[in-house]
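In what follows, a single structure is set out as structure tokens and then discussed.
Number of protein chains: 2
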Amino acid sequence: MRRVAVIGIGDTEFGELWDSSFREIGIQAGLIAVADANISADKIDALFVGNMSAGRFIEQEHIGALIADYSGLARDHIPATRVEAAGASGGLALRQGFQAVASGLHDIVVVGGAEKMTDVSDTESSMIQSSAADQEWETVLGATFPALHALIARRHMHQFGTTREQLADVAVKNHKNGSLNPKAQFQREITRETVLSSPVVSSPLRVFDCAPSSDGAAAVVLCPLDQAKKYTDMPIEIAGSGQASDTLSLHDRKDICTMEATRVAAKRAFDMAGISHKDIDVAEVHDNFTISEILAIEDLGFFNKGEGGKATEAGLTALEGQVAVNTSGGLKARGDPIGATGLAQAVEIVTQLRGTAGKRQVKDATIGLAHNVGGTGATVVVHVLRRV
Amino acid sequence: MRRVAVIGIGDTEFGELWDSSFREIGIQAGLIAVADANISADKIDALFVGNMSAGRFIEQEHIGALIADYSGLARDHIPATRVEAAGASGGLALRQGFQAVASGLHDIVVVGGAEKMTDVSDTESSMIQSSAADQEWETVLGATFPALHALIARRHMHQFGTTREQLADVAVKNHKNGSLNPKAQFQREITRETVLSSPVVSSPLRVFDCAPSSDGAAAVVLCPLDQAKKYTDMPIEIAGSGQASDTLSLHDRKDICTMEATRVAAKRAFDMAGISHKDIDVAEVHDNFTISEILAIEDLGFFNKGEGGKATEAGLTALEGQVAVNTSGGLKARGDPIGATGLAQAVEIVTQLRGTAGKRQVKDATIGLAHNVGGTGATVVVHVLRRV
Numbered sequence: 162m163r164r165v166a167v168i169g170i171g172d173t174e175f176g177e178l179w180d181s182s183f184r185e186i187g188i189q190a191g192l193i194a195v196a197d198a199n200i201s202a203d204k205i206d207a208l209f210v211g212n213m214s215a216g217r218f219i220e221q222e223h224i225g226a227l228i229a230d231y232s233g234l235a236r237d238h239i240p241a242t243r244v245e246a247a248g249a250s251g252g253l254a255l256r257q258g259f260q261a262v263a264s265g266l267h268d269i270v271v272v273g274g275a276e277k278m279t280d281v282s283d284t285e286s287s288m289i290q291s292s293a294a295d296q297e298w299e300t301v302l303g304a305t306f307p308a309l310h311a312l313i314a315r316r317h318m319h320q321f322g323t324t325r326e327q328l329a330d331v332a333v334k335n336h337k338n339g340s341l342n343p344k345a346q347f348q349r350e351i352t353r354e355t356v357l358s359s360p361v362v363s364s365p366l367r368v369f370d371c372a373p374s375s376d377g378a379a380a381v382v383l384c385p386l387d388q389a390k391k392y393t394d395m396p397i398e399i400a401g402s403g404q405a406s407d408t409l410s411l412h413d414r415k416d417i418c419t420m421e422a423t424r425v426a427a428k429r430a431f432d433m434a435g436i437s438h439k440d441i442d443v444a445e446v447h448d449n450f451t452i453s454e455i456l457a458i459e460d461l462g463f464f465n466k467g468e469g470g471k472a473t474e475a476g477l478t479a480l481e482g483q484v485a486v487n488t489s490g491g492l493k494a495r496g497d498p499i500g501a502t503g504l505a506q507a508v509e510i511v512t513q514l515r516g517t518a519g520k521r522q523v524k525d526a527t528i529g530l531a532h533n534v535g536g537t538g539a540t541v542v543v544h545v546l547r548r549v
Numbered sequence: 162m163r164r165v166a167v168i169g170i171g172d173t174e175f176g177e178l179w180d181s182s183f184r185e186i187g188i189q190a191g192l193i194a195v196a197d198a199n200i201s202a203d204k205i206d207a208l209f210v211g212n213m214s215a216g217r218f219i220e221q222e223h224i225g226a227l228i229a230d231y232s233g234l235a236r237d238h239i240p241a242t243r244v245e246a247a248g249a250s251g252g253l254a255l256r257q258g259f260q261a262v263a264s265g266l267h268d269i270v271v272v273g274g275a276e277k278m279t280d281v282s283d284t285e286s287s288m289i290q291s292s293a294a295d296q297e298w299e300t301v302l303g304a305t306f307p308a309l310h311a312l313i314a315r316r317h318m319h320q321f322g323t324t325r326e327q328l329a330d331v332a333v334k335n336h337k338n339g340s341l342n343p344k345a346q347f348q349r350e351i352t353r354e355t356v357l358s359s360p361v362v363s364s365p366l367r368v369f370d371c372a373p374s375s376d377g378a379a380a381v382v383l384c385p386l387d388q389a390k391k392y393t394d395m396p397i398e399i400a401g402s403g404q405a406s407d408t409l410s411l412h413d414r415k416d417i418c419t420m421e422a423t424r425v426a427a428k429r430a431f432d433m434a435g436i437s438h439k440d441i442d443v444a445e446v447h448d449n450f451t452i453s454e455i456l457a458i459e460d461l462g463f464f465n466k467g468e469g470g471k472a473t474e475a476g477l478t479a480l481e482g483q484v485a486v487n488t489s490g491g492l493k494a495r496g497d498p499i500g501a502t503g504l505a506q507a508v509e510i511v512t513q514l515r516g517t518a519g520k521r522q523v524k525d526a527t528i529g530l531a532h533n534v535g536g537t538g539a540t541v542v543v544h545v546l547r548r549v
């Protein structure tokens, strides 16, 4: 397999983008990435698009062709492929793009992710998000997506003594990072009290434990590493790509406090890259709920099982901590337009490894990780990126 | 890139399968394919699933993980990826599986396609199918999927003198083939008169010009060609894979009587296989409407532009014709469970190349082709399969 590099990145603002359509934001992110890569559009060999549920959010399937068409790429009839794995759709699209370049099938590949969530009501949006869980055994019985994560949080608190305050600390940190990111949906710092006094969504989780509904898009441009220097002085290698599945239903897992798919996907990515978790300087992890970040930093190996809450409280995941986690603000503050999220994570890691993250720059960041989760962990995709 | 072979095939009945759920039919097809490949499940490295719109048909996204889970593959945390390109979802999943094996990333890959269309009303089903077209410029203005194809048919009749009877002949041929296929949704022969006296759907297209709504699933097992003999005496090589996009809206095309994406995808597949259209003995083409088959056999190069209707009337696409087209019965009679269709095409071609197609066997079939279309031609995937 050929080695693969990221040579361009682009993303839109995340938020309630009521003045822009799905196709507009998708193209906007792609255009920024293509400009950043210093390539002309006629160099592009293929397009991959991550999207969870445009069929229900905007009544449009066939998203790959849509984006190819409206970005002018259909003129050259380039292959356009949409990939879906709920919240992991973006990371999975990145993996397909990686695979297309690694195989030798394509040279220059654009991978984008987009979702337009705020054109439907909050209730409808919640129902659509729940279609990431098992429709027959979870959703239809009333287990919403926040409720499933509340079960995980409750169990983690019971088993490891994780405190309500430690959950809040995840949100406080990510809002602080978001305040340093001009593209974040929420750029305001909050306090523990903000979280603890916000309305309950599904006990113990409150509004400020949950990532928002967002519109947004993000994209990267890939090419073989040995061609990357033609386009950029600072190519970032995709050194490892790991993907793993698990049971769709939470109740079928041996242990709901461990996302086994995270452990397996991370191991696969680390093995491909020839590194361990200790080598990671900066990580974007899937904090759709505060408890999710605590599970992630444990299952990725940064901290022992049960110690994620304490580590967060101690500041070990802050910008200057042992490993900087969710420097972009994460899903919590950067925003979570589902299909875009995995790509936005990659964009942030590339930004950090290039050393262009401004006020939120992690010093000497050399190796970074993006961790993207579908459902309650039935799909996990982990990518390791490296400065070369 | 490594050469890739199909070593197992499986499919369910197509039809109104009200006693089976989506996940049940998906797994059934996979199990048949895995048994046919003589492998044990622990050999499987990855799963790809083609599906158009489970989000709307059964309110379930995250289909890759669902099928991995219910087939027991989530136990080993194997990567599971869902791919979507409307009607081309199945062919596109096959291409992703091909790419995964060709790249060296995975050895044994199962590719499945499934759709459960008949659990919603006909009106709802029609609306969902229309989400393959452009929601902002076609669907919302009332252009249904049959209406868009009616425009193509009308223009083809006007420009080339294609007759209403020739359109009917496509359906008559495919029903005849379907009558020889024990798994076809419709196993009854029809006459020209059956078609011409059936109710108008969108003039000039009548009920018998349209493929049905179907439930069903199909699957194949892939591995590197140089390992295939371990599993089967008769591996079938995927000798060429081509994919192309075009404008999502029909009105943006230069010429609605040509599916440019078919021509480009076919050229890419032929070039990869080192063959031309003249080498094809048997072809499954995307006859979601009778006019679609006429366009396909022209754009694939079998007949000159404008002569597809005459060729069909003359029997040149029959079982004993110049090139046998839609020996399975095609989408028209075999059925069209959208995401499954591209895989069902591959299953039929492999069956023909193995020489096990029974009463519908094409004599000495050596090279076959599968042609899968999304929307009105915004995505086309063509695969060339070959006996080795």
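Chains as they are written, first to last, in my numbering: chain A, 162 to 549; chain B, 162 to 549.
For glycine and all other residues, C-beta sits at the position ideal for the given N, C-alpha and C.
By alpha-carbon positions, which one of the options ends up nearest to residue i?
i	options	result
A/Val165	A/Ile399, A/Ile188, A/Ala311, A/Thr279	A/Ile399
A/His412	A/Asn465, A/Arg424, A/Ala539, A/Asp376	A/Ala539
A/Leu309	A/Ser287, A/Gly187, A/Tyr392, A/Phe259	A/Ser287
B/Phe321	B/Asn533, B/Phe369, B/Gly211, B/Leu456	B/Leu456
B/Gly535	B/Leu366, B/Lys428, B/Ser291	B/Ser291
B/Thr280	B/Gln348, B/Gly529, B/Ile219, B/Ala345	First, the residue type needs correcting, since residue 280 of chain B is Asp and not Thr in the sequence shown. Nearest of B/Gln348, B/Gly529, B/Ile219, B/Ala345 to B/Asp280, Cα basis: B/Ile219.
B/Gly303	B/Lys334, B/Ser363, B/Leu357, B/Leu328	B/Ser363
B/Gly169	B/Ile452, B/Ala332, B/Ser374, B/Pro396	B/Pro396
A/Ala261	A/Glu297, A/Leu208, A/Arg236	A/Leu208
B/Val446	B/Ala531, B/Glu421, B/Thr419, B/Gly435	B/Ala531
What does residue i reach in chain A if we use C-beta pairs closer than 9 Å?
i	result
B/Gln260	Gln257, Gln260, Ala261, Ser264, Leu266
B/Asp230	Asp295, Ser406, Asp407, Thr408, Leu409, Ser410, Asp413, Ala539
B/Met162	Ser264, Gly265, Leu266
B/Ala196	None at all; the shortest Cβ gap to chain A is about 22 Å.
Taking the CB atoms as reference points, tell me whether residue i and residue j lie closer together than 8 Å.
i	j	result
A/Ala226	B/Leu409	yes
B/Ala229	A/Ser406	yes
B/Val542	B/Arg353	no
A/Phe450	A/Leu366	yes
B/Ala378	B/Gly258	no
A/Ile458	A/Gly476	no
A/Ser181	B/Gly216	no
A/Gly211	A/Val244	yes
A/His223	B/Ala247	yes
A/Glu276	A/Asp376	yes
A/Glu454	A/Val486	yes
A/Gly491	A/Asn335	yes
B/Ala372	B/Gly403	no
B/Val443	B/Val167	no
A/Ala345	A/Ser489	yes
Who are the neighbours of residue i on chain A, taking C-beta pairs under 8 Å?
i	result
B/Ser437	The premise fails here: B/Ser437 is roughly 19 Å from chain A at the closest Cβ pair, so nothing lies under 8 Å.
B/Arg243	Val244, Glu245, Ala246
B/Ser292	Gly216, Glu220, Gln221, Glu222, His223
Taking Cβ-Cβ distances shorter than 9 Å, what residues in chain B pair up with residue i?
i	result
A/Pro240	Leu253, Arg256, Gly403, Gln404, Ala405, Ser406, Ala426, Arg429, Thr540, Val542
A/Glu421	His238
A/Ala531	Simply none; closest approach about 16 Å.
Which residues in chain B have a C-beta closer than 7 Å to the C-beta of residue i? List them in chain order.
i	result
A/Met213	Glu222
A/Ala226	Ala246, Ser406, Leu409, Gly535, Gly536, Ala539, Thr540
With residue i and residue j assumed to form a contact (beta carbons below 8 Å), what rounded beta-carbon distance in angstroms separates them?
i	j	result
A/Met162	A/Ala263	4 Å
A/Asp273	A/Ala380	The question names Asp, but residue 273 of chain A in the sequence shown is Gly. That pair is a contact at about 4 Å.
A/Val545	A/Phe431	7 Å
A/Ala202	A/Leu234	7 Å
B/Ala389	B/Val356	Actually they are not in contact, since the Cβ atoms of B/Ala389 and B/Val356 sit about 42 Å apart, beyond 8 Å.
A/Ser374	A/Met278	4 Å
Verify the CB distance criterion: does residue i have a CB-CB separation below 8 Å to chain E?
i	result
A/Gly273	Going by chain labels, chain E is absent from the structure shown, which instead holds the protein chains A and B.
Residue i touches chain A at which residues, Cβ-Cβ below 7 Å?
i	result
B/Arg217	Gly216, Arg217
Under 8 Å Cβ-Cβ, which residues of chain B neighbour residue i?
i	result
A/Ala526	Chain B residues near A/Ala526: none, gap ~28 Å exceeds 8 Å.
*Does the stretch 514-524 of chain A touch the stretch 324-341 of chain A, meaning 3 or more C-beta pairs lie closer than 8 Å?*
yes
_With a threshold of 8 Å, are at least 3 pairs of Cβ atoms found where one atom belongs to the stretch 455-473 of chain B and the other to the stretch 494-503 of chain B?_
no
*Please confirm if the stretch 167-187 of chain B is in contact with the stretch 496-515 of chain B, defined as three or more CB-CB distances below 8 Å between the two stretches.*
yes
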